[in-house]
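Engineer: Take a look at the following structure, please.
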Amino acid sequence: MRPISFEITKSAGPLSRAGVLYTPHGAIETPAFVAVATKANVKGVPSTAFQALGVQGIIANTYHLYLSGLEAIEKAGGVGKFMAFSGPTMTDSGGFQVFSLGVGFGKKISKFLPEENPFLRRDERHSSEKGSPPPAVWDEDLATSHGKLAIIDEEGVSFTSHLDGTLHRFTPERSVEIQHQLGADIIFAFDECTAPDAEYDYQKEAMDRTHRWAERSLKAHRQNVQKNNEQGIYGIVQGGRYADLRVQSAKEIAGMDFDGFGIGGSFSKQDILGILDKVNNELPKEKPRHLLGIGEPEDIFIGVAAGCDTFDCVLPTRNGRTGGIYTRGGKIQIPNAEYREDFLPLDKGCGCPVCQTYTRAYVHHLFRTKELLGPVLASQHNLYFLTNLAKQIRNALLDGTFEKFRDDFLAKYRLTK
RNA sequence: GCGUCGGUGGCGGAGCGGUCAAUCGCACUUGGCUGUAAACCAAGCGCCCUUGUGGCUACGUAGGUUCGAAUCCUACCCGGCGCA
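Going by this note's numbering, the first residue of the first sequence is number 30, and it counts up by one from there.
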């Protein structure tokens with residue numbers, strides 16, 4: 030019996046479904062939004078608040094926890110115990126950092142291909158030489174301040190710590206080994222997350238490499254008999270914004286004996302639904318699918334419609350920390366002047382503990398005065414907003430009212446913008 | 001009263017003859033954030049024309065020197081400090 034299992038409670042559409050994901054530390058009712066706890070902490074949100082905020086599970090990061098020291102976490106009994114959370118846990122493999130500390134370092138690049146894409150145009154203009162861009166940037170200017178952060182080869186990735194410049198190396202085997210030490214219920218294969226503007230040839234090269242790494246990750250995991258009984262492993266589909274690569278990737282990853290699947294990398298915003306449809310069509314129905322790092326309310330609806338079960342995203346906590354508040358009428362900037370004397374809750378009618386207690390004017394004041402409590406309250410509200418949205422979506426799927434719920438929600442959500 | 005230092009945009013504080021509507025910080029206004037390098041980043045911030053190698057008014061006040069002054073000179077006003 031595998032440590033991870035998935036049960037489809039109701040298939041609601043061609044792909045969408047409500048289900049239950051069982052782990053050694055309890056179940057997650059899906060669709061679900063999993064909180065990001067990169068460094069064994071959901072920024073601004075103590076684990077004691079998880080239940081009230083509807084947080085069913087968390088995802089921590091291999092790269093960050095490796096750099097900050099694994100021994101204490103291992104001795105504590107794993108990330109979950111370490112952070113005093115008894116529910117289901119996941120760890121990301123560190124593959125995303127190949128991107129964010131590699132080609133993405135020093136740039137403001139989102140996971141989505143920007144509509145205006147200066148990089149592409151620049152490439153097209155100068156591209157007499159066709160072929161792959163370098164897999165990672167050795168930028169001498171950055172090197173002087175931060176070191177050379179990520180370089181990829183067939184075996185793995187060499188990293189320079191963003192904290193102290195020390196050199197480290199991850200391979201699929203090493204990532205899995207670290208994830209064993211971290212002890213989360215679900216671990217992820219080591220992959221390469223590519224930049225949204227990566228050209229086709231490079232994207233394919235990275236995808237093929239990710240497939241090889243997936244096999245090695247899987248093998249490394251299955252070989253460890255004890256951990257294999259305690260932790261499940263997800264393979265990650267790549268392929269960037271190219272539908273044909275995505276399909277190929279999904280087929281290949283689906284052909285491996287993973288317990289579930291992560292869908293990673295970057296997307297073209299316009300085509301995301303079509304791409305996810307195609308990916309999930311290739312993945313075995315009975316296994317769970319996690320859409321990595323995606324997270325705006327609009328995107329969750331798209332993911333669910335396309336058959337994704339779990340989601341994670343830094344946005345609720347990052348937006349919260351920086352003053353962005355999710356409301357059913359759209360996102361608002363709570364530090365803005367208009368909320369100085371607004372004595373309504375952050376989101377009127379919201380059931381979260383923050384909205385039960387505090388006003389916009391107060392949270393506005395906390396941000397203006399740079400009180401720590403401002404980002405804390407905002408993060409907690411936002412987290413509730415996303416977990417609750419997923420929960421409402423789940424209920425709608427069970428009731429067969431998903432489309433109506435989605436259309437009603439989005440109509441209001443987009444009203445103000 | 002004498003001496004001395006100083007008065008710059010909401011505040012602090014640069015500038016000390018042209019390239020100054022004036023460095024910078026704070027404050028203020030707004031925008032962004034999608035497997036967290038992020039309690040962060042960006043833009044704006046005298047007035048006017050929605051445009052610009054645009055116009056106007058500005059560096060205590062009033063004059064003056066100069067092709068040209070926030071920058072030099074004179075007087076005055078105001079403030080700090082020292083001595084009476």
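By construction, the Cβ of each residue, glycine as well, lies at the ideal position given by its N, Cα and C atoms.
If F340 sits next to V65, beta carbons under 8 Å apart, how far is it from one beta carbon to the other, in whole angstroms?
Structural biologist: With a Cβ gap of about 10 Å, F340 and V65 do not count as contacting.
Engineer: Could you check how far apart the C-beta atoms of G333 and I422 are, in whole angstroms? I think they sit under 8 Å.
Structural biologist: Note that residue 333 is Val in the sequence shown here, rather than Gly. That pair is a contact at about 6 Å.
Engineer: Between R350, R397, K248 and G380, which lies nearest to K420 when the distance is taken from Cα to Cα?
Structural biologist: Out of R350, R397, K248 and G380, G380 has the C-alpha closest to the C-alpha of K420.
Engineer: Which two residues bound the contiguous beta strand (DSSP E) that contains M119?
Structural biologist: Per DSSP, M119 belongs to the beta strand (DSSP E) from T118 to D121.
Engineer: Under 9 Å, do N90 and T67 count as touching if we go by C-beta distance?
Structural biologist: The answer is yes: Cβ separation under 9 Å.
Engineer: Taking 7 Å as the limit between beta carbons, can you name the residues of its chain near R397, skipping five residues before and five after?
Structural biologist: Around R397: P364.
Engineer: What is the C-beta distance between Y442 and P326, in whole angstroms, given that I count them as a contact (C-beta under 8 Å)?
Structural biologist: Yes, Y442 and P326 are in contact; Cβ-Cβ is about 6 Å, under 8 Å.
Engineer: In angstroms, rounded to a whole number, what distance separates the CA positions of F9 and Q409?
Structural biologist: Not covered by the structure: residue 9. The range shown for the chain is 30 to 446.
Engineer: Could you pull the start and end residues of the alpha helix (DSSP H) that S246 belongs to?
Structural biologist: Note, S246: alpha helix (DSSP H), Y229 to Q252.
Engineer: Could you name the residues of the same chain whose beta carbon sits closer than 6 Å to that of N417, not counting the 5 residues immediately before and after it, in chain order?
Structural biologist: If we look at N417 and ignore the five residues flanking it on each side, its Cβ neighbours are G83.
Engineer: Suppose you measure from the CA of L44 to the CA of Y391; what does that come to, to the nearest Å?
Structural biologist: The alpha-carbon atoms of L44 and Y391 are separated by roughly 43 Å.
Engineer: Rounded to whole angstroms, how far is the Cβ of G116 from the Cβ of Q85, which I believe are closer than 8 Å?
Structural biologist: With a Cβ gap of about 6 Å, G116 and Q85 count as contacting.
Engineer: Just to confirm the assignment, what range does the alpha helix (DSSP H) spanning G349 have?
Structural biologist: Run containing G349: L344 to R350, per the alpha helix (DSSP H) assignment.
Engineer: Counting beta carbon pairs with one atom in the stretch 206-225 and one in the stretch 246-263, are three or more of them shorter than 8 Å?
Structural biologist: The answer is yes - the stretch 206-225 touches the stretch 246-263, with three or more Cβ pairs under 8 Å.
Engineer: Since E202 is in the alpha helix (DSSP H), which residue starts that stretch and which ends it?
Structural biologist: Run containing E202: P201 to L211, per the alpha helix (DSSP H) assignment.
Engineer: Do the CB positions of S297 and C222 come within less than 9 Å of each other?
Structural biologist: No, the Cβ-Cβ distance between S297 and C222 is not below 9 Å.
Engineer: So, helix, strand or coil for S34, using DSSP?
Structural biologist: Correct three-state label for S34: strand.
Engineer: Among Y229, T351 and G106, which has the Cα closest to the Cα of E400?
Structural biologist: When only C-alpha atoms are compared, the closest one is T351.
Engineer: Can you give me the Cβ contacts of A78 inside the same chain, cut-off strictly under 7 Å, excluding the 5 residues immediately before and after it?
Structural biologist: Closer than 7 Å at Cβ, skipping near neighbours: Q409.
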